[in-house]
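**Student:** What follows is a structure written as structure tokens; I'll ask about it next.
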Amino acid sequence: MALPAGELSANLLAAQERLAQLQAKSRAERLAQGAPVDRIGHGRTPSLTPSPLQPLPSLPAHLGWDSAAVTAVARQADHAPKPQSCIGYRDIGILEDSPNIPIPIFISPYSHSATNAIKLYPDIAAGMFQWELTAAGRIWLLLRHLDCNGRGWLDVAEVRAQLTGKESPWRVCGWRQLRNLLAEGDGVFWVRGDGRVWLRSTTNVAAALQVPHLALLPVALPVSVLTLPIGQVRAHLYAAFHSSRAGKTPAGQPAAPIARDTIANHTNVIPRTQRRYEKAARVHASRNFAIGGKASESALEEAAWQHGQATFRLNDKKGIQGKTNQGYIAWQLPNSYTGPHRLQPKGQQKRINQALSDLFMQGMTGNGQGRMEKRFYGHGRAAAQAYNRGVTQDIYWPAGRGENGRAHIWHCLAAPNTPARK
5 MALPAGELSA
15 NLLAAQERLA
25 QLQAKSRAER
35 LAQGAPVDRI
45 GHGRTPSLTP
55 SPLQPLPSLP
65 AHLGWDSAAV
75 TAVARQADHA
85 PKPQSCIGYR
95 DIGILEDSPN
105 IPIPIFISPY
115 SHSATNAIKL
125 YPDIAAGMFQ
135 WELTAAGRIW
145 LLLRHLDCNG
155 RGWLDVAEVR
165 AQLTGKESPW
175 RVCGWRQLRN
185 LLAEGDGVFW
195 VRGDGRVWLR
205 STTNVAAALQ
215 VPHLALLPVA
225 LPVSVLTLPI
235 GQVRAHLYAA
245 FHSSRAGKTP
255 AGQPAAPIAR
265 DTIANHTNVI
275 PRTQRRYEKA
285 ARVHASRNFA
295 IGGKASESAL
305 EEAAWQHGQA
315 TFRLNDKKGI
325 QGKTNQGYIA
335 WQLPNSYTGP
345 HRLQPKGQQK
355 RINQALSDLF
365 MQGMTGNGQG
375 RMEKRFYGHG
385 RAAAQAYNRG
395 VTQDIYWPAG
405 RGENGRAHIW
415 HCLAAPNTPA
425 RK
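Residue numbering for the sequence shown follows the working numbering, starting at 5 and increasing by one per position.
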């Protein structure tokens, strides 16, 4: 016979009363013997630090949620201290199935960890170089990281303590220099008022630096880099350009060659300084060579007119390109570069670019130059399709590495109205 909802059977009530008597008797005996008294019914002893993530053991049929024993265990687990974390709790099921994963603990937002990284847009870094605001830009990136709550502002006293305190892991300069940097970046990276530093958004900073479009993908810049000497910081701001370019290249293919002058146009860093930054930030450079048609005096002369001193005669002793000991025209291409940073997701890059297009007047967002024609392709099919659409310059696609494995070889498809090289 079914009982009405909310009513308990006489047997269940008797069992609960009997269980309470046994618990009281057991507790009195253990108190008399001086033994621990934290024993719960049926001889089970809970762990010293019970975890709410552990499932309750299976109970006999005559016990349920109205049992005093079960209630005691549930209350004890509910009052157990819970770990705190600024990132929230992990999924309980995941932790339960993976006992080796530690429970998250509280992490200070100012903890000095090399694994922390901040998103950096290489185009904004280039704007910092253009206006010579790399030192103030470093402060802006640090403050964005320190603002872990996303308020958009920090107290000046807090900024001073974090960036100038002798014991602070984020110390980068003294208070006098910080005052100068705050004044230098005012209106570009932040706005000061009421004892606070109000951080400007990525869109507003790009607009203030006159960056009309974020063309390159963002990279992950380790926050620990921002606490290094300013020369090292500038080296990594520059290297972000190469990291973004190389990160878009499919695996197994070399990054497209790029000339020093072209890099200078994109990054606002002169070639001599580029080499110094590449060494400091450990940017890897790879040489590239292109192989043309069979060598002849007229072809070598024409190639010398186009490529200058980079042209030379290649003797194919092993017959890799054709007949053994056949001579070919070859010339050196600009280097390819691989940066030390990994790519970050686009995130709000499209929205930022839309906002920038609204901020800049049409016709004033560029530098007065047309879009550059693409010259390097990942494979021959893409190069042939581009050639059929019409090109004005030679186009290239990779042919593999050289014998020493340190240089990349490229095929060349000559533009129309120029001597054929293939």
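For glycine and all other residues, C-beta sits at the position ideal for the given N, C-alpha and C.
Report the residue from P349, L26 and K123 whose alpha carbon sits nearest the alpha carbon of P226.
**Tutor:** Against the sequence shown, residue 226 aligns to sequence position 222. Closest option to P226, Cα to Cα, is K123.
**Student:** Which residues bound the alpha helix (DSSP H) around N15?
**Tutor:** Here residue 15 is taken as the residue at index 11 of the sequence shown, counted from 1. Here the alpha helix (DSSP H) through N15 covers A14 to Q37.
**Student:** Just the Cα atoms here: how many angstroms apart are G156 and R148?
**Tutor:** The residue you call residue 156 lines up with position 152 of the sequence shown. The residue you call residue 148 lines up with position 144 of the sequence shown. When rounded, the distance between both Cα atoms is 8 Å.
**Student:** Could you compute how far the alpha carbon of H345 sits from the alpha carbon of H240?
**Tutor:** Taking the sequence shown and counting its residues from 1, one reaches residue 345 at position 341. Taking the sequence shown and counting its residues from 1, one reaches residue 240 at position 236. Roughly 9 Å between the two C-alpha positions.
**Student:** In terms of residues, what are the limits of the beta strand (DSSP E) holding S302?
**Tutor:** Walking along the sequence shown from the start, residue 302 turns up at place 298. Looking at the DSSP string, S302 is not in any beta strand (DSSP E); the run it does join, the alpha helix (DSSP H), is E301 to H311.
**Student:** Taking the C-alpha atoms as reference points, what is the distance between Q397 and R317?
**Tutor:** Position 393 of the sequence shown, counted from the first residue, corresponds to residue 397. Position 313 of the sequence shown, counted from the first residue, corresponds to residue 317. Answer to the nearest angstrom: the Cα atoms are 22 Å apart.
**Student:** Where are the beta strand (DSSP E) runs, 3 residues long or more, that stay fully inside the segment 140-197, in chain order?
**Tutor:** Within the segment 140-197, the complete beta strand (DSSP E) runs of at least 3 residues are 157-159 and 194-197.
**Student:** Which value, in whole angstroms, describes the spacing of the CA atoms of Y125 and Q358?
**Tutor:** Residue numbering aside, residue 125 sits at position 121 when the sequence shown is read from its first letter. Residue numbering aside, residue 358 sits at position 354 when the sequence shown is read from its first letter. Rounded to whole angstroms, Y125 to Q358 spans 16 Å at the Cα level.
**Student:** Mind listing, in chain order, the continuous alpha helix (DSSP H) runs of no fewer than 4 residues lying wholly within the segment 217-255?
**Tutor:** As far as the segment 217-255 is concerned, its whole alpha helix (DSSP H) runs of at least 4 residues are 234-251.
**Student:** Compare the beta carbon distance of R142 and I234 with 8 Å and say whether it is the shorter of the two.
**Tutor:** As a first step, residue 142 is located in the sequence shown; it is residue number 138 there, counting from the start. As a first step, residue 234 is located in the sequence shown; it is residue number 230 there, counting from the start. Result yes, Cβ atoms of R142 and I234 sit closer than 8 Å.
**Student:** How many angstroms separate the CA atom of P349 from the CA atom of C152?
**Tutor:** Counting from 1 along the sequence shown, the entry for residue 349 is found at position 345. Counting from 1 along the sequence shown, the entry for residue 152 is found at position 148. Distance between the alpha carbons of P349 and C152: 19 Å.
**Student:** What residues are listed by DSSP as bridge partners for Q325?
**Tutor:** For the purposes of this step, residue 325 is identified with residue 321 of the sequence shown, where counting begins at 1. Answer by DSSP bridge pairing: none, since Q325 is not bridged.
**Student:** Sort G406, A419 and W414 by Cα distance to N392 and report the nearest one.
**Tutor:** Stepping through the sequence shown from its first residue, residue 392 is reached at position 388. For N392, the nearest C-alpha among the options comes from A419.
**Student:** If we count the other Cβ atoms within 10 Å of its Cβ and call it buried at 16 or more, is W144 buried or exposed?
**Tutor:** Numbered from 1 along the sequence shown, position 140 holds the residue referred to as residue 144. So W144 ends up on the buried side.
**Student:** What number of angstroms, rounded off, separates the C-alpha of I413 from the C-alpha of Y332?
**Tutor:** If you number the sequence shown from 1, residue 413 lands on position 409. If you number the sequence shown from 1, residue 332 lands on position 328. The straight-line gap from Cα to Cα measures roughly 13 Å.
**Student:** Which value, in whole angstroms, describes the spacing of the CA atoms of G351 and A387?
**Tutor:** Locating residue 351 in the sequence shown gives position 347, where the first residue counts as 1. Locating residue 387 in the sequence shown gives position 383, where the first residue counts as 1. Whole-angstrom Cα-Cα distance: 31 Å.
**Student:** Cβ of F380 within 8 Å of Cβ of T271?
**Tutor:** Indexing the sequence shown from 1 puts residue 380 at position 376. Indexing the sequence shown from 1 puts residue 271 at position 267. No.
**Student:** My output table needs one value for F364: the three-state DSSP class, helix, strand or coil.
**Tutor:** The count along the sequence shown starts at 1 and reaches residue 364 at position 360. Here F364 sits in coil by DSSP.
**Student:** Should the segment 308-325 be regarded as contacting the segment 277-291, the criterion being three or more beta carbon pairs within less than 8 Å?
**Tutor:** Verdict: no, contact absent.
**Student:** Considering only their Cβ atoms, is the gap separating L230 from L146 smaller than 8 Å?
**Tutor:** Counting from one through the sequence shown, the residue named residue 146 turns up at place 142. Counting from one through the sequence shown, the residue named residue 230 turns up at place 226. The answer is yes: Cβ separation under 8 Å.
**Student:** Three or more C-beta pairs under 8 Å: does that hold for the segment 242-253 against the segment 299-308?
**Tutor:** Result no; under three Cβ-Cβ pairs closer than 8 Å.
**Student:** When DSSP labels each residue in this structure, what does R204 get in the three-state scheme?
**Tutor:** Walking along the sequence shown from the start, residue 204 turns up at place 200. DSSP places R204 in coil when its eight states are reduced to three.
**Student:** For H415, is the classification buried or exposed, using 16 other Cβ atoms within 10 angstroms of its Cβ as the cut-off for buried?
**Tutor:** Here residue 415 refers to the residue found at position 411 when the sequence shown is read from its first residue. Buried: at least 16 other Cβ atoms inside 10 Å.
**Student:** Using the rule of at least 16 other Cβ atoms within 10 Å of the residue's Cβ for burial, across every protein chain shown, is S248 buried or exposed?
**Tutor:** For the purposes of this step, residue 248 is taken as residue 244 along the sequence shown, with counting starting at 1. By the 10 Å Cβ count, S248 comes out buried.
**Student:** Name the two residues that bound the continuous alpha helix (DSSP H) containing I274.
**Tutor:** As a first step, residue 274 must be located in the sequence shown, where it is residue number 270. Counting along the chain, I274 falls outside any alpha helix (DSSP H), and DSSP gives it neither H nor E.
**Student:** With a cut-off of 8 Å on the beta carbons, I'd call L137 and V192 a contact; round off their distance for me.
**Tutor:** As a first step, residue 137 is located in the sequence shown; it is residue number 133 there, counting from the start. As a first step, residue 192 is located in the sequence shown; it is residue number 188 there, counting from the start. That belief holds up - the Cβ atoms of L137 and V192 are roughly 7 Å apart, short of 8 Å.
**Student:** Give a yes or no on contact between the segment 295-306 and the segment 182-200, applying the rule of three or more CB pairs nearer than 8 Å.
**Tutor:** Judged by Cβ distances under 8 Å, the segment 295-306 makes no contact with the segment 182-200, as fewer than three pairs qualify.
**Student:** How is the beta strand (DSSP E) around N319 delimited, first residue to last?
**Tutor:** Taking the first residue of the sequence shown as 1, we reach residue 319 at position 315. Taken as a continuous stretch (DSSP letters only), the beta strand (DSSP E) holding N319 covers T315 to D320.
**Student:** Quick one: measure Cβ to Cβ for G384 and Q257, integer angstroms, because I've assumed they're closer than 8 Å.
**Tutor:** Along the sequence shown, read from residue 1 onward, the residue named residue 384 stands at position 380. Along the sequence shown, read from residue 1 onward, the residue named residue 257 stands at position 253. Between Q257 and G384 the Cβ distance is about 12 Å, and since that is not below 8 Å, they are no contact.
**Student:** Identify whether Q336 lies in helix, strand or coil by the three-state DSSP scheme.
**Tutor:** Taking the first residue of the sequence shown as position 1, residue 336 is located at position 332. DSSP places Q336 in strand when its eight states are reduced to three.
**Student:** Evaluate L35 with the Cβ neighbour count: other Cβ atoms within 10 Å of its Cβ, from every protein chain shown; 16 or more gives buried, anything less gives exposed.
**Tutor:** Your numbering for residue 35 matches position 31 in the sequence shown. That one is exposed.
**Student:** If you follow the beta strand (DSSP E) that P258 is in, where does it begin and where does it stop?
**Tutor:** As a working note, residue 258 is residue 254 in the sequence shown. Unbroken run through P258: none, as it is neither H nor E.
**Student:** Which residues mark the beginning and the end of the beta strand (DSSP E) in which A387 is found?
**Tutor:** Your numbering for residue 387 matches position 383 in the sequence shown. Per DSSP, A387 belongs to no beta strand (DSSP E); it is in the alpha helix (DSSP H), G384 to R393.
**Student:** Just to confirm before moving on: does the CB-CB distance between A259 and A129 stay below 8 Å?
**Tutor:** In the sequence shown, the residue the question calls residue 259 occupies position 255. In the sequence shown, the residue the question calls residue 129 occupies position 125. For A259 and A129, no; Cβs fall outside 8 Å.
**Student:** My output table needs one value for K354: the three-state DSSP class, helix, strand or coil.
**Tutor:** Indexing the sequence shown from 1 puts residue 354 at position 350. Helix.
**Student:** One question on the structure: do G131 and V215 come within less than 8 Å of each other, judged by their Cβ atoms?
**Tutor:** Counting from 1 along the sequence shown, the entry for residue 131 is found at position 127. Counting from 1 along the sequence shown, the entry for residue 215 is found at position 211. Yes; because the gap between Cβ atoms is below 8 Å, this pair is in contact.
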